[in-house]
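Participant: Take a look at this one; I'll ask things after.
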Amino acid sequence: MALIKLLMLFSLTLSGCICETKLDWRDKKVILPVHNQSQCLSAGTVNVLDMISAVRSIKTGKSLESMSAQELFDCNPDWCICNTTVSAHDVAISIDQNLLNSLDLERDHPFTGQCTHTCDTRKIYETGFHWDYIMMTPLNTTYNNEEGLSDFLAEGPVVVLTKSSSPAFQSYAGGILDSRECNTAGLPDHSLLLVGEGVENGVEYWLARNSYGEDWGEKGYIRLAKGTNVCGIGYGYVLVGWPINNKHK
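In our numbering, the protein residues as written are -3 to 245.
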């Protein structure tokens, strides 16, 4: 019985690594493929939209579908389309204030690359998927606040703000990145979609999807050591609150 329990908890690789995956939302088929962010779609944009897509699937049981980036841009005249500086917080604030926490699906409002600025929030709220709130944790100037992140992650993927300027981050090719390799000063300039957590050889880590394409990192993903605010991961989060009964899409 003890052996069976051990095999259930751990996977022993050929290299001798004892690895425990505590949570990986990819196993639930609710994470969209890795993006290669273009000049027109920032990391903040794709991560917040894909977080909402995941929550929609988790909480309604519906198949995973992309949310409409075009709708987001149409309702933000100042952004136009090509603005890679838009942060995850910018996107969350816009959805909360301009779109009443509601979005259509990509298939119903596809990306065109044109700035139409034809935003009809009443129609969007009537036909789109909507939720209770977008939550943004206060920016944490103490630089080491990962408290509560596991609880948030247990309910669904979370967008985390990060600092991407260090060579260790830019050239990351695999393994668990620790603070000594990615401990740059300054404010976050990037974001990741946090999708899981685990342990490798006694080292706890966060698992996150980046937006640099599948050739970067571990097929587009990165593992960050827990507890030391690696790459500023404890600086701030964005997550979704969902209604108990959502009849839309």
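The beta carbon of each residue, even a glycine, is placed where N, CA and C say it ideally should be.
Note that this is a predicted model, so its numbers are computed, not measured.
Have a look at Gly171 and Leu28 and give me their C-alpha separation to the nearest angstrom.
Facilitator: For the purposes of this step, residue 171 is identified with residue 175 of the sequence shown, where counting begins at 1. For the purposes of this step, residue 28 is identified with residue 32 of the sequence shown, where counting begins at 1. When rounded, the distance between both Cα atoms is 22 Å.
Participant: Nearest CA to the CA of Thr114: which residue from Asn32, Phe69, Glu122, Ala39?
Facilitator: Here the question's residue 114 lines up with position 118 in the sequence shown. For Thr114, the nearest C-alpha among the options comes from Phe69.
Participant: When you compare each of Ile91, Val191, Glu151 to Arg22 by their alpha carbons, which one comes out closest?
Facilitator: Walking along the sequence shown from the start, residue 22 turns up at place 26. Per the Cα distances, Val191.
Participant: Three-state secondary structure (DSSP) at Asn32?
Facilitator: The residue given as residue 32 occupies position 36 in the sequence shown. Here Asn32 sits in strand by DSSP.
Participant: Which word fits Ala181, buried or exposed, when buried means at least 16 other C-beta atoms lie within 10 angstroms of its C-beta?
Facilitator: Residue numbering aside, residue 181 sits at position 185 when the sequence shown is read from its first letter. Ala181 should be labelled exposed.
Participant: If I follow the unbroken beta strand (DSSP E) through Gly194, where does it start and stop?
Facilitator: Position 198 of the sequence shown, counting from 1, holds the residue named residue 194. 186 to 196 is the span of the beta strand (DSSP E), which, as asked, contains Gly194.
Participant: Which same chain residues, not among the five before or five after Lys243, have their C-beta less than 6 Å away from its C-beta?
Facilitator: As a position in the sequence shown, residue 243 is number 247, starting the count at 1. Reliability of the predicted coordinates at Lys243 is poor, the pLDDT of 49 falling under 50, and the value obtained from them is presented with this limitation in mind. None.
Participant: Looking at the structure shown, is Cys227 part of a helix, part of a strand, or coil, going by DSSP?
Facilitator: Taking the sequence shown and counting its residues from 1, one reaches residue 227 at position 231. It is helical.
Participant: Using DSSP's beta-bridge definition, name the partner residues of Glu200.
Facilitator: To locate residue 200, count along the sequence shown from 1; it is residue 204. According to DSSP, Glu200 bridges with Val195.
Participant: Which value, in whole angstroms, describes the spacing of the CA atoms of Lys24 and Asp46?
Facilitator: Residue numbering aside, residue 24 sits at position 28 when the sequence shown is read from its first letter. Residue numbering aside, residue 46 sits at position 50 when the sequence shown is read from its first letter. Whole-angstrom Cα-Cα distance: 14 Å.
Participant: Using a threshold of 7 Å, state whether the C-beta atoms of Gly152 and Ile218 are closer than that.
Facilitator: The residue labelled residue 152 in the question sits at position 156 within the sequence shown. The residue labelled residue 218 in the question sits at position 222 within the sequence shown. Contact flag unset, no.
Participant: Measuring straight from C-alpha to C-alpha, what distance separates Leu183 and Val155?
Facilitator: Locating residue 183 in the sequence shown gives position 187, where the first residue counts as 1. Locating residue 155 in the sequence shown gives position 159, where the first residue counts as 1. Cα to Cα, the separation comes out at about 16 Å.
Participant: Answer yes or no: do Ser175 and Val226 have a C-beta to C-beta separation smaller than 7 Å?
Facilitator: Residue numbering aside, residue 175 sits at position 179 when the sequence shown is read from its first letter. Residue numbering aside, residue 226 sits at position 230 when the sequence shown is read from its first letter. It is a contact, given that the beta carbons lie within the stated cut-off.
Participant: Hey, would you say Cys178 sits closer than 7 Å to Ala164, going by beta carbons?
Facilitator: Indexing the sequence shown from 1 puts residue 178 at position 182. Indexing the sequence shown from 1 puts residue 164 at position 168. For Cys178 and Ala164, yes; Cβs fall inside 7 Å.
Participant: Hey, quick one: how far does the alpha helix (DSSP H) through Ile54 stretch, first residue to last?
Facilitator: If you number the sequence shown from 1, residue 54 lands on position 58. Taken as a continuous stretch (DSSP letters only), the alpha helix (DSSP H) holding Ile54 covers 39 to 56.
Participant: Assuming Lys185 and Ser161 are in contact, meaning their beta carbons sit under 8 Å apart, how far apart are those beta carbons, in whole angstroms?
Facilitator: Position 189 of the sequence shown, counted from the start, is the residue given in the question as residue 185. Position 165 of the sequence shown, counted from the start, is the residue given in the question as residue 161. Per the sequence presented here, residue 185 reads as Asp, with Lys not at that position. 6 Å between Cβ atoms; contact.
Participant: So what does Ser158 bridge to, in DSSP terms?
Facilitator: By one-based count along the sequence shown, residue 158 stands at place 162. Checking the sequence shown, residue 158 turns out to be Thr, not Ser. DSSP lists His186 as partners of Thr158.
Participant: In three-state terms, what does DSSP make of Ala84?
Facilitator: For this step, residue 84 is matched to residue 88 along the sequence shown. It is helical.
Participant: Using beta-carbon positions only, say whether Asp100 and Glu67 come within less than 7 Å of one another.
Facilitator: Sequence index remark: in the sequence shown, residue 100 carries index 104 (1-based). Sequence index remark: in the sequence shown, residue 67 carries index 71 (1-based). Yes, they are a contact pair.
Participant: Between Gly228 and the rest of its own chain, which residues show a CB-CB distance below 6 Å, the 5 nearest in sequence each way excluded?
Facilitator: Position 232 of the sequence shown, counted from the start, is the residue given in the question as residue 228. These residues qualify, in order along the chain: Thr158, Lys159, Pro184.
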